[in-house]
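Sequence order for the protein chains is A and B. All residue numbers for the first sequence refer to our numbering, where the first residue is 474 and numbers rise by one. All residue numbers for the second sequence refer to our numbering, where the first residue is 110 and numbers rise by one. Inspection log for the structure reproduced underneath, given as structure tokens.
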Amino acid sequence: DARVTQTPRHKVTEMGQEVTMRCQPILGHNTVFWYRQTMMQGLELLAYFRNRAPLDDSGMPKDRFSAEMPDATLATLKIQPSEPRDSAVYFCASGLSPGGRYNEQFFGPGTRLTVL
Amino acid sequence: KQEVTQIPAALSVPEGENLVLNCSFTDSAIYNLQWFRQDPGKGLTSLLLIQSSQREQTSGRLNASLDKSSGRSTLYIAASQPGDSATYLCAVTGNTPLVFGKGTRLSVIA
Chain A
474 DARVTQTPRH
484 KVTEMGQEVT
494 MRCQPILGHN
504 TVFWYRQTMM
514 QGLELLAYFR
524 NRAPLDDSGM
534 PKDRFSAEMP
544 DATLATLKIQ
554 PSEPRDSAVY
564 FCASGLSPGG
574 RYNEQFFGPG
584 TRLTVL
Chain B
110 KQEVTQIPAA
120 LSVPEGENLV
130 LNCSFTDSAI
140 YNLQWFRQDP
150 GKGLTSLLLI
160 QSSQREQTSG
170 RLNASLDKSS
180 GRSTLYIAAS
190 QPGDSATYLC
200 AVTGNTPLVF
210 GKGTRLSVIA
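So, in structure tokens, the structure goes:
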């Protein structure tokens with residue numbers, strides 16, 4: 474049963490600390506997406522990769538957020554330093570997108586981040 | 110910039126009723142539209158994907174339609190059950206990946 478996995482599932486940290494969230498996409502998928510969900514804004518796209526190359530990270534606050542894909546089985550989203558307004562649920566999704574078109578996306582369970 | 114709107118924001122119906130959830134989008138140049146279900150505190154489960162060339166997709170008691178020219182999609186749920194209670198999100202893909210609506214929170218009362 475192939476699925477996207479994310480760790481940790483929950484994270485509570487203090488303002489100013491570094492936070493790293495990890496995602497393992499479904500094997501064989503070539504696109505990976507990071508989303509953030511809050512009550513006020515709903516789901517927002519932060520960044521995405523195709524074939525491990527970053528395509529767009531315009532949704533991220535560049536000064537504190539960074540996203541990478543060290544290899545095809547791991548995507549990371551890092552916040553340094555974290556702030557209370559970063560409190561949200563962060564979702565990773567993966568999909569198979571041949572020829573540049575985005576097909577069905579499959580979501581992980583999310584990381585619920587609380588910054589005190 | 111693509112914007113997706115879902116109406117109503119919340120809906121409560123008695124068990125057994127058929128219901129329709131609405132989704133509209135501002136830019137008709139889409140590749141596909143996807144309906145998701147999200148249970149409280151959980152991730153998103155993909156329900157149906159409609160390609161831009163298709164008019165509808167069906168899965169069990171769910172039927173999703175797409176009218177690309179008017180920028181609308183509907184999700185029809187037949188014979189609703191309490192287990193259908195969740196938030197339903199629609200999202201469209203065009204030149205950029207998924208743009209989401211804010212969702213419709215559905216409660217099916219036994």
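Where is the CB? At the ideal position from N, CA and C, for every residue including glycine.
Checklist entry - Is N141/B buried or exposed, if buried means 16 or more other CB atoms sit within 10 Å of its CB? => result Buried.
Checklist entry - In this structure, what does DSSP give as the bridge partners for D176/B? => result Answer by DSSP bridge pairing, in chain order: R181/B.
Item to check | For M494/A and D529/A, the rounded distance between their alpha carbons | outcome: Their Cα atoms are separated by approximately 18 Å.
Item to check | Beta-carbon gap between Q111/B and T196/B smaller than 9 Å | outcome: Not in contact: Q111/B and T196/B (Cβ atoms no closer than 9 Å).
Item to check | Local Cβ density within 10 Å of G180/B, reported as buried at 16 or more and exposed below that | outcome: The residue in question, G180/B, is buried, as its Cβ has 16 or more Cβ neighbours within 10 Å.
Next on the checklist: I want to see whether chain A comes within less than 9 Å of G169/B, judged by CB atoms only; does it?
Outcome noted: No - not a single Cβ of chain A is within 9 Å of the one on G169/B.
Checklist entry - Does the beta carbon of F538/A come closer than 9 Å to any beta carbon on chain B? => result No - not a single Cβ of chain B is within 9 Å of the one on F538/A.
Checklist entry - How long is the line joining the alpha carbons of A566/A and S560/A, rounded to whole angstroms? => result C-alpha separation (whole angstroms): 19 Å.
Next on the checklist: Beta-carbon within less than 8 Å of L547/A's beta-carbon, same chain only, minus the 5 sequence neighbours each way: which residues are those?
Outcome noted: The residues are R495, C496, Q497.
Item to check | chain A contact for N141/B (CB, 9 Å cutoff) | outcome: N141/B counts as touching chain A.
Item to check | Nearest-angstrom beta carbon gap, I499/A and F579/A [assumed within contact, 8 Å] | outcome: 6 Å between Cβ atoms; contact.
Item to check | Limits of the beta strand (DSSP E) - the one that A566/A falls within | outcome: Residues 561–568.
Item to check | Cα-Cα separation between A119/B and R170/B, rounded to whole angstroms | outcome: Taking the straight line joining both Cα atoms gives about 20 Å.
Item to check | Residues near S174/B in its chain [Cβ-Cβ closer than 6 Å; skip 5 each side] | outcome: So the list reads E165, T183, once near-sequence residues are dropped.
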